[in-house]
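Numbering (this note's numbering), first residue to last: 1 to 406.
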């Protein structure tokens, strides 16, 4: 029988030194661990209780040392298929029904495994709307914080039963990144059936691949141990795909990029490997480490704006002076720096802010509609009153409602 442990908060962290030989260290106080469908599943839609049992041991070990652990687990639909092996899910309601059935069995397994180690599992089902509505987001955050204070292990999954397409995170990879960022986690660990990101097989017609080989950083087809910038490896993602996951490596890269940009140490590693979490905590492991952006741990409302809400199709383009004012001067965005308005939006909507080259600079809540802003773009504050007949706000986006994201 596994060792029984009592959660304690006496020890507040684990220090990880020289992660993957980078010389970087981390004081690990809170970690989010994401388990993909293929890691959770065994043969014939059965749960892989050996892998999950080993993970429960690892979680108990982390909790013993005072580290808070949040799990993000896929696998509900697979468990539903186990209950109805002859049923073929053809529609969204079919998949939602399987998820509702399978979630019960999935949580029963976690409850049993954690109870055997004197830990308590807590189910949390989230949708994107829960993260985009600030009041609901804060309620979810406060609940998670209290669960961690109680020594429980939150097990999070997307609420597939009520989620519709436009509210989906797309996969639990992105959900795990959002949870890691919003809960202030020090590290995100994505456990998959792949052992990290691999260098693409060299193509003699691919000048970029030849250049990478000449640099000698990674032999063709071999695992990349450290990624400094996700932009350098996005083209490799299509070559490595999980058999059961919905997003493949592209979705994982998106999640890892999101987390690392927010200052979270991020890792993808083989979930079926015994003791993998302990190896990661030791600082050397088979997997890929994504180096976090230094000094970019957003907190409070800016964190919610940057990583919790979407601004699809709504964009304000600004000039170089305005970019510097936002990034360096930490100023509000004024109409004088606006060069173009794209998409339709109203006052109070979330919009993205891009530079003139199309690179994203910030996200924020606009004080003017697209129609109003199009009329006053490039204008100084005294001119706005003349054009609109009133001056409700001197700023297009106040700095308190702005999050610089890139």
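Quick reminder that beta carbons are idealized off the backbone N, C-alpha and C, glycines included. All values reported here derive from a predicted model rather than from experimental measurement.
Each residue's CA atom was taken as its position, placing residue 137 and residue 263 some 20 Å apart. Here residue 138 carries a helix assignment [DSSP, helix/strand/coil]. For residue 187, the pairing in a beta bridge is given by DSSP as 31, 265. The alpha helix (DSSP H) runs lying completely inside the stretch 19 to 106 and spanning 4 residues or more are 37 to 40, 49 to 64, 76 to 83, given in chain order. With fewer than 16 other Cβ atoms from the protein chains shown falling within 10 Å of its own Cβ, residue 92 counts as exposed. Sixteen is the threshold: when 16 or more other Cβ atoms of the shown chains lie within 10 Å of the Cβ of residue 190, as they do, the residue is buried. The beta carbon of residue 362 lies closer than 7 Å to those of 326, 353, 402, 403, 404, 405 in the same chain, with the five residues before and after it left out. With fewer than 16 other beta carbons inside 10 angstroms of its own, residue 142 counts as exposed. By the CB criterion at 8 Å, residue 29 and residue 173 fall outside the cutoff. Rounded to the nearest whole angstrom, the CA to CA distance from residue 289 to residue 256 is 9 Å. In the DSSP assignment, residue 192 is bridged to 270. Excluding its 5 nearest sequence neighbours in each direction, residue 195 has C-beta neighbours in its own chain below 8 Å: 223, 269, 270, 273, 286, 287, listed in chain order.
Sorting 77, 347, 54 by C-alpha distance to the C-alpha of residue 116 places 54 at the top.
Put simply, of 23, 13, 67 the residue whose alpha carbon is nearest the alpha carbon of residue 283 is 23.
Per the Cβ contact rule, the stretch 58 to 71 is in contact with the stretch 30 to 37 (3 or more Cβ pairs under 8 Å). Setting aside the 5 residues that flank it on each side, residue 78 is surrounded in the same chain by 37, 40, 41, 45, 102, 244, each with a C-beta closer than 8 Å to its C-beta; the list follows chain order. In this structure residue 337 does not touch residue 357 by the C-beta definition: roughly 15 Å separates them, more than the 8 Å allowed. Excluding the 5 residues flanking it on each side, residue 388 has same chain C-beta neighbours closer than 8 Å at 372, 375, 376, in chain order. Counting the other CB atoms within 10 Å of its CB gives residue 179 a total of 16 or more, which places it among the buried residues.
In this structure residue 114 touches residue 153 by the C-beta definition: roughly 6 Å separates them, less than 8 Å. Judged by beta-carbon spacing, residue 385 lies within the 8 Å limit of residue 391, meaning their Cβ atoms are closer than that value. Secondary structure at residue 363: strand, using DSSP grouped into helix, strand and coil.
The closest CA to that of residue 106, considering only 128, 127, 82, is found on 82. Looking from the CA of residue 17, the closest CA among 346, 348, 280, 380 belongs to 280. A distance below 6 Å between beta-carbons, with the five flanking residues on each side excluded, links residue 111 to the following residues of its chain, in chain order: 121. Distances from the CA of residue 193 to each of 369, 35, 397, 368 were compared; the closest alpha carbon is that of 35. The DSSP-derived three-state label of residue 375 is helix. The beta carbon of residue 346 sits closer than 7 Å to those of 369, all from its chain and outside the five residues before and after it, given in chain order. Excluding sequence positions up to five before and after residue 330, its CB lies within less than 7 Å of the CB of 399, all in the same chain and listed in chain order.
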